[in-house]
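Step one of this worksheet: look at the structure below.
There are 2 protein chains.
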Amino acid sequence: MTLQDARTPENGPDAARPGWHKGYLTGSRPDIRVPVRRVHLTTGQSVTLYDTSGPYTDPEAATDVRRGLAPLREHWITARGDTEEYAGRPVRPEDDGLKHTSPRGGLRNLDAVFPGRPRVPRRGRDGRPVTQLTYARRGEITAEMEYVALREGVAPEFVRDEIAAGRAVLPANVNHPEIEPMIIGKNFLVKVNANIGNSAVTSSIEEEVEKMTWATRWGADTVMDLSTGRNIHTTREWVLRNSPVPIGTVPLYQALEKVDGRAEELTWDIYKDTVIEQCEQGVDYMTVHAGVLLRYVPLTARRKTGIVSRGGSIMAAWCLAHHRESFLYENFAELCEILAAYDVTFSLGDGLRPGSIADANDEAQFAELRTLGELNRIAKSHDVQTMIEGPGHVPMHKIKENVDLQQEICDEAPFYTLGPLTTDIAPAYDHITSGIGAAMIAWWGTAMLCYVTPKEHLGLPDRDDVKTGVITYKIAAHAADLAKGHPSAQTWDDALSDARFEFRWEDQFNLALDPDTARAYHDATLPAEPAKTAHFCSMCGPKFCSMKISQDIRREHGGDLRAEEIEAGMAEKSREFAATGNRVYLPLTD
Amino acid sequence: MTLQDARTPENGPDAARPGWHKGYLTGSRPDIRVPVRRVHLTTGQSVTLYDTSGPYTDPEAATDVRRGLAPLREHWITARGDTEEYAGRPVRPEDDGLKHTSPRGGLRNLDAVFPGRPRVPRRGRDGRPVTQLTYARRGEITAEMEYVALREGVAPEFVRDEIAAGRAVLPANVNHPEIEPMIIGKNFLVKVNANIGNSAVTSSIEEEVEKMTWATRWGADTVMDLSTGRNIHTTREWVLRNSPVPIGTVPLYQALEKVDGRAEELTWDIYKDTVIEQCEQGVDYMTVHAGVLLRYVPLTARRKTGIVSRGGSIMAAWCLAHHRESFLYENFAELCEILAAYDVTFSLGDGLRPGSIADANDEAQFAELRTLGELNRIAKSHDVQTMIEGPGHVPMHKIKENVDLQQEICDEAPFYTLGPLTTDIAPAYDHITSGIGAAMIAWWGTAMLCYVTPKEHLGLPDRDDVKTGVITYKIAAHAADLAKGHPSAQTWDDALSDARFEFRWEDQFNLALDPDTARAYHDATLPAEPAKTAHFCSMCGPKFCSMKISQDIRREHGGDLRAEEIEAGMAEKSREFAATGNRVYLPLTD
Numbered sequence: 000m001t002l003q004d005a006r007t008p009e010n011g012p013d014a015a016r017p018g019w020h021k022g023y024l025t026g027s028r029p030d031i032r033v034p035v036r037r038v039h040l041t042t043g044q045s046v047t048l049y050d051t052s053g054p055y056t057d058p059e060a061a062t063d064v065r066r067g068l069a070p071l072r073e074h075w076i077t078a079r080g081d082t083e084e085y086a087g088r089p090v091r092p093e094d095d096g097l098k099h100t101s102p103r104g105g106l107r108n109l110d111a112v113f114p115g116r117p118r119v120p121r122r123g124r125d126g127r128p129v130t131q132l133t134y135a136r137r138g139e140i141t142a143e144m145e146y147v148a149l150r151e152g153v154a155p156e157f158v159r160d161e162i163a164a165g166r167a168v169l170p171a172n173v174n175h176p177e178i179e180p181m182i183i184g185k186n187f188l189v190k191v192n193a194n195i196g197n198s199a200v201t202s203s204i205e206e207e208v209e210k211m212t213w214a215t216r217w218g219a220d221t222v223m224d225l226s227t228g229r230n231i232h233t234t235r236e237w238v239l240r241n242s243p244v245p246i247g248t249v250p251l252y253q254a255l256e257k258v259d260g261r262a263e264e265l266t267w268d269i270y271k272d273t274v275i276e277q278c279e280q281g282v283d284y285m286t287v288h289a290g291v292l293l294r295y296v297p298l299t300a301r302r303k304t305g306i307v308s309r310g311g312s313i314m315a316a317w318c319l320a321h322h323r324e325s326f327l328y329e330n331f332a333e334l335c336e337i338l339a340a341y342d343v344t345f346s347l348g349d350g351l352r353p354g355s356i357a358d359a360n361d362e363a364q365f366a367e368l369r370t371l372g373e374l375n376r377i378a379k380s381h382d383v384q385t386m387i388e389g390p391g392h393v394p395m396h397k398i399k400e401n402v403d404l405q406q407e408i409c410d411e412a413p414f415y416t417l418g419p420l421t422t423d424i425a426p427a428y429d430h431i432t433s434g435i436g437a438a439m440i441a442w443w444g445t446a447m448l449c450y451v452t453p454k455e456h457l458g459l460p461d462r463d464d465v466k467t468g469v470i471t472y473k474i475a476a477h478a479a480d481l482a483k484g485h486p487s488a489q490t491w492d493d494a495l496s497d498a499r500f501e502f503r504w505e506d507q508f509n510l511a512l513d514p515d516t517a518r519a520y521h522d523a524t525l526p527a528e529p530a531k532t533a534h535f536c537s538m539c540g541p542k543f544c545s546m547k548i549s550q551d552i553r554r555e556h557g558g559d560l561r562a563e564e565i566e567a568g569m570a571e572k573s574r575e576f577a578a579t580g581n582r583v584y585l586p587l588t589d
Numbered sequence: 000m001t002l003q004d005a006r007t008p009e010n011g012p013d014a015a016r017p018g019w020h021k022g023y024l025t026g027s028r029p030d031i032r033v034p035v036r037r038v039h040l041t042t043g044q045s046v047t048l049y050d051t052s053g054p055y056t057d058p059e060a061a062t063d064v065r066r067g068l069a070p071l072r073e074h075w076i077t078a079r080g081d082t083e084e085y086a087g088r089p090v091r092p093e094d095d096g097l098k099h100t101s102p103r104g105g106l107r108n109l110d111a112v113f114p115g116r117p118r119v120p121r122r123g124r125d126g127r128p129v130t131q132l133t134y135a136r137r138g139e140i141t142a143e144m145e146y147v148a149l150r151e152g153v154a155p156e157f158v159r160d161e162i163a164a165g166r167a168v169l170p171a172n173v174n175h176p177e178i179e180p181m182i183i184g185k186n187f188l189v190k191v192n193a194n195i196g197n198s199a200v201t202s203s204i205e206e207e208v209e210k211m212t213w214a215t216r217w218g219a220d221t222v223m224d225l226s227t228g229r230n231i232h233t234t235r236e237w238v239l240r241n242s243p244v245p246i247g248t249v250p251l252y253q254a255l256e257k258v259d260g261r262a263e264e265l266t267w268d269i270y271k272d273t274v275i276e277q278c279e280q281g282v283d284y285m286t287v288h289a290g291v292l293l294r295y296v297p298l299t300a301r302r303k304t305g306i307v308s309r310g311g312s313i314m315a316a317w318c319l320a321h322h323r324e325s326f327l328y329e330n331f332a333e334l335c336e337i338l339a340a341y342d343v344t345f346s347l348g349d350g351l352r353p354g355s356i357a358d359a360n361d362e363a364q365f366a367e368l369r370t371l372g373e374l375n376r377i378a379k380s381h382d383v384q385t386m387i388e389g390p391g392h393v394p395m396h397k398i399k400e401n402v403d404l405q406q407e408i409c410d411e412a413p414f415y416t417l418g419p420l421t422t423d424i425a426p427a428y429d430h431i432t433s434g435i436g437a438a439m440i441a442w443w444g445t446a447m448l449c450y451v452t453p454k455e456h457l458g459l460p461d462r463d464d465v466k467t468g469v470i471t472y473k474i475a476a477h478a479a480d481l482a483k484g485h486p487s488a489q490t491w492d493d494a495l496s497d498a499r500f501e502f503r504w505e506d507q508f509n510l511a512l513d514p515d516t517a518r519a520y521h522d523a524t525l526p527a528e529p530a531k532t533a534h535f536c537s538m539c540g541p542k543f544c545s546m547k548i549s550q551d552i553r554r555e556h557g558g559d560l561r562a563e564e565i566e567a568g569m570a571e572k573s574r575e576f577a578a579t580g581n582r583v584y585l586p587l588t589d
């Protein structure tokens with residue numbers, strides 16, 4: 000594990016974590032090994048949890064950020080025999096934008112060019128579709144499908160069905176063999192995406208690679224690299240080669256860098272060239288704002304906050320400057336053919352999403368959604384896996400309409416929403432304003448939640464913000480899994496509740512989404528080791544713990560009896576209780 | 000402002016805050032002066048916000064923590080002529096529990112006995128009811144009602160109606176003349192309660208008084224003093240005399256201290272004496288767990304986490320130890336008579352609330368709720384204002400049933416819920432797991448939310464935790480106000496959205512729930528003063544700001560035209576846009 004050599008992370012993703020170990024579920028063949036986190040309880044039992052942290056948390060796995068992760072899926076892809084290697088597009092200086100032109104944001108500890116194994120890009124033979132949707136429609140269960148079936152605890156055939164119906168996507172570019180396959184769809188566990196990416200103002204490649212591994216350590220299921228600044232191609236290469244999760248991008252950002260920020264100079268050719276560049280690198284899903292049509296732009300004119308999507312505003316500016324229909328919309332079929340040949344998944348962007356409570360659910364937003372529904376059908380006709388992006392800023396009473404309309408208009412394609420924020424009055428707490436909306440929209444059917452960090456609207460997230468954002472969104476996703484009745488979700492809560500009731504403090508910490516912080520908070524008031532086995536905590540002290548008296552009641556009055564039997568025996572038990580002279584030794588949880 | 004002399008708070012409630020000033024709305028008489036926060040915008044306009052911070056944020060008000068706040072309501076109370084002063088119950092050493100017996104938790108900078116003006120307790124003449132409910136039912140609009148009408152922006156008659164119908168409470172003990180009246184009911188702004196209080200393990204009087212002023216500075220509408228440790232009477236006296244918001248307690252905690260933690264030694268007389276002690280001090284509302292009946296206790300035996308309410312577990316232990324019905328239930332009518340004579344509001348406690356996701360909405364919980372409905376009617380028949388407490392731990396899909404049942408069973412009495420937490424897997428983040436549930440339950444009808452801090456289940460909240468808890472819950476309450484369509488809620492969001500769209504950074508900070516943190520996060524990446532007027536931020540940099548291009552679109556294509564007119568003029572505008580050679584200078588918000 001030489002990740003440390005390169006950047007010596009404190010508490011990095013490879014730091015050994017007490018109380019759990021990395022395990023694997025094996026499928027029908029030995030190379031289908033699905034990682035899980037096994038939490039060891041002090042009772043001798045263990046709880047198995049979904050794990051997104053990649054090989055970094057496996058002490059048996061040799062990882063080296065300069066070489067990249069092992070190409071887990073390579074053999075699966077080549078064995079299908081429907082792809083071919085080819086020379087690929089040469090990497091050009093402009094791919095990296097303002098590379099090396101500034102002392103800020105330059106390369107520090109990592110080399111500029113990714114030094115790992117040489118790569119030759121791959122695509123569908125003769126440009127044919129090689130998507131998981133292609134296979135699913137043909138009735139084939141791929142290794143990737145079996146992998147996610149094991150991961151989700153469902154039958155492989157169910158996975159195939161959901162993909163074939165377009166209700167789920169399995170983002171897996173043939174040029175990103177390093178990923179551990181995962182699935183996004185409303186009938187699976189709710190997923191969380193973390194955004195990373197440098198900007199022209201701040202941050203380096205090194206920081207972005209670290210944010211990616213850090214985000215996946217805390218539970219990010221996918222990562223979007225939204226870099227807009229220097230070294231944009233090289234940053235992405237480092238991120239892709241080291242990422243165990245699917246990577247998404249917005250190719251328009253890089254295309255705009257290539258024309259030095261002049262939206263009106265964008266062309267379909269420049270955009271297409273950028274998409275191919277990113278397909279060859281291995282980007283798994285791409286946000287495309289092809290639903291921002293010329294005629295929708297005036298609908299935003301009287302909005303409180305206009306257009307707040309970067310991609311949306313760029314395309315709106317292009318449409319206005321040329322008074323022409325969007326080149327993304329007009330060339331959408333060709334774009335589908337390109338994506339199908341690499342199995343890149345569409346994330347159809349909502350360029351006209353609301354940027355404030357006042358603008359939610361307006362005509363501009365829903366007009367674009369109807370166009371996304373049309374594009375979704377075109378994409379499916381080309382075998383391209385597709386999800387649909389959603390807002391944004393929406394008050395609680397208008398959230399459900401968003402999911403219901405999207406599901407209806409887009410034939411149940413996975414919904415992928417940013418929050419939504421349920422109020423705008425709390426900058427610096429938008430992980431919370433949006434975590435509320437995220438939990439609700441996921442319960443109602445959103446398949447993946449794009450996180451929001453405390454820095455939203457204020458600055459670029461740092462390491463702490465990434466962690467806070469991911470954990471907040473894991474809470475939202477898990478709360479939705481519970482509300483949707485997912486059995487494994489309930490098991491996790493039950494294990495923690497049992498530990499709490501039985502005063503197994505170490506088990507509570509180890510089962511927590513963030514064991515480190517839970518332990519630190521507990522120790523802040525009762526640091527001594529014995530306190531971790533105490534039958535009370537610092538909130539109420541020994542006399543007021545409700546959990547303890549509940550245990551007494553159960554012991555005295557029998558947990559195995561039916562209520563009527565307990566009632567019948569209570570007079571006697573009451574005498575016994577008094578006879579023991581039992582002091583009320585009461586702790587509590589809330 | 001000698002609060003600083005006593006405890007020199009950093010960023011204390013009396014620290015001058017830039018960008019806003021304290022203002023007052025004056026009612027029909029000069030002594031009805033309702034505090035508001037007027038945020039000054041750089042446009043020259045101002046936004047008026049609800050203000051809970053008390054005289055501490057008024058530079059013209061002389062406050063002194065050793066003297067207490069001015070008795071704002073004293074004249075209103077005496078003018079009604081229906082109360083009398085009387086000798087009162089002597090304060091006894093045991094009222095303070097283990098006072099002075101330990102070096103920890105003792106009195107430090109503050110004197111043991113509150114040194115302020117001498118007080119003589121007051122009650123309804125001949126023990127008659129002197130509650131706001133009494134007056135409302137008689138058709139009288141009190142000064143307190145007019146005050147809250149101004150505060151909420153509604154007609155005084157509406158306030159009277161809601162109180163008379165039992166749909167709202169105005170907690171205001173005649174012995175707590177210092178408060179600025181406020182109202183709790185589903186047809187008013189959603190309120191937030193912050194819990195403070197020492198325990199046998201940690202914290203001092205000084206810290207508790209500071210937590211109270213700190214919590215109200217960030218927006219707490221009421222504060223519960225849940226002290227269970229030393230100096231319990233004296234701590235409460237300091238808190239009451241300095242609190243601008245209603246104070247709630249759980250008298251059972253102090254009663255238990257008086258019998259040294261032996262639940263079975265509790266008696267109605269000890270409890271009643273404690274209630275009278277607290278009524279005379281000025282406690283505004285009291286949690287009473289009178290719904291925990293003997294026959295309900297066995298219903299908790301097979302629960303995952305038993306009984307998690309302190310009060311509930313104490314009463315359950317008492318019932319079992321004596322095999323008798325709860326003395327709170329059996330003496331409830333007498334308790335009503337006592338509370339009515341001081342205008343103390345009931346907060347009927349849900350002692351059998353669930354303590355885990357698995358236990359939500361079970362028979363134990365709903366059996367108790369039905370008894371609370373019965374007690375609510377008894378309380379109302381004695382003119383006692385009443386609210387009903389609610390859970391706790393509830394998955395999202397079971398939240399609405401809680402409000403709907405409570406509203407039905409309890410004749411729409413205000414619901415006062417603790418969260419609820421929507422999952423148990425995130426200790427150290429339970430402000431967030433519960434903030435999600437809080438926003439939802441408030442949207443559906445909860446009138447007041449009891450906050451949860453990051454230390455829930457782990458330790459006692461410190462100053463930072465109190466702030467985080469209050470702000471998280473202000474977000475939840477405000478998101479609910481928006482979803483319920485409260486006009487003043489929308490105004491606040493709109494003001495912030497306008498400031499965001501127009502790059503008025505200082506206005507965004509000043510309008511934020513937490514200006515300090517918003518400003519600090521912004522400055523972390525773009526600290527220079529000019530950056531606060533820049534038309535972009537560090538997230539996207541100058542080329543990618545969507546807000547900027549939206550402004551261009553509006554300027555170029557006219558914000559005053561109808562969409563069709565804009566469309567008609569677009570071809571021409573497009574030529575102009577190109578002619579200006581406008582570079583796409585694009586920022587963004589999300």
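Going down the list, the sequences are from chains A and B. Quick note, the first sequence lines up with residues 0 to 589 if you use numbering that gives the first Met the number 0. Quick note, the second sequence lines up with residues 0 to 589 if you use numbering that gives the first Met the number 0. Even for Gly, the Cβ is constructed at its ideal location relative to N, Cα and C.
Nearest CA to the CA of residue i: which residue from the options?
i	options	result
residue 273 (chain A)	A:88, A:524, A:459	A:88
residue 47 (chain A)	A:54, A:55, A:41, A:37	A:37
residue 442 (chain B)	B:402, B:122, B:465	B:402
residue 75 (chain A)	A:146, A:127, A:433	A:146
residue 366 (chain B)	B:240, B:293, B:78, B:503	B:293
Could you tell me how far apart the beta carbons of residue i and residue j are, in whole angstroms, since I believe they sit closer than 8 Å?
i	j	result
residue 266 (chain A)	residue 187 (chain A)	With a Cβ gap of about 39 Å, residue 266 (chain A) and residue 187 (chain A) do not count as contacting.
residue 247 (chain A)	residue 285 (chain A)	7 Å
residue 130 (chain A)	residue 342 (chain A)	4 Å
residue 426 (chain A)	residue 392 (chain A)	Contact doesn't hold; Cβ gap of about 12 Å is too wide.
residue 470 (chain B)	residue 428 (chain A)	6 Å
Could you pull out every residue in the same chain whose Cβ sits closer than 8 Å to the Cβ of residue i, ignoring the five residues on either side in sequence?
i	result
residue 50 (chain A)	21, 34, 35, 36, 56
Taking 7 Å as the line, does the beta carbon of residue i fall inside it for any heavy atom of the ligand FAD?
i	result
residue 192 (chain A)	Within the structure as shown, the ligand FAD is missing, as the structure has no ligands at all.
Tell me which same chain residues have a C-beta within less than 7 Å of the C-beta of residue i, skipping the five on either side of it?
i	result
residue 32 (chain A)	23, 25
Name, please, each residue of chain D whose Cβ falls closer than 9 Å to the Cβ of residue i.
i	result
residue 550 (chain A)	Of the protein chains in this structure, namely A and B, none is chain D.
Any 3 or more C-beta pairs closer than 8 Å across the segment 116-125 of chain A and the segment 316-334 of chain A: no
For the segment 371-383 of chain B and the segment 460-467 of chain A, state whether three or more C-beta atom pairs, one from each stretch, are separated by less than 8 Å. no
For the 8 Å Cβ check, are there 3 or more pairs between the segment 302-313 of chain A and the segment 347-361 of chain A? yes
Please identify, using Cβ separations under 9 Å, the residues of the segment 168-190 of chain B that lie next to chain A, in order along the chain. none
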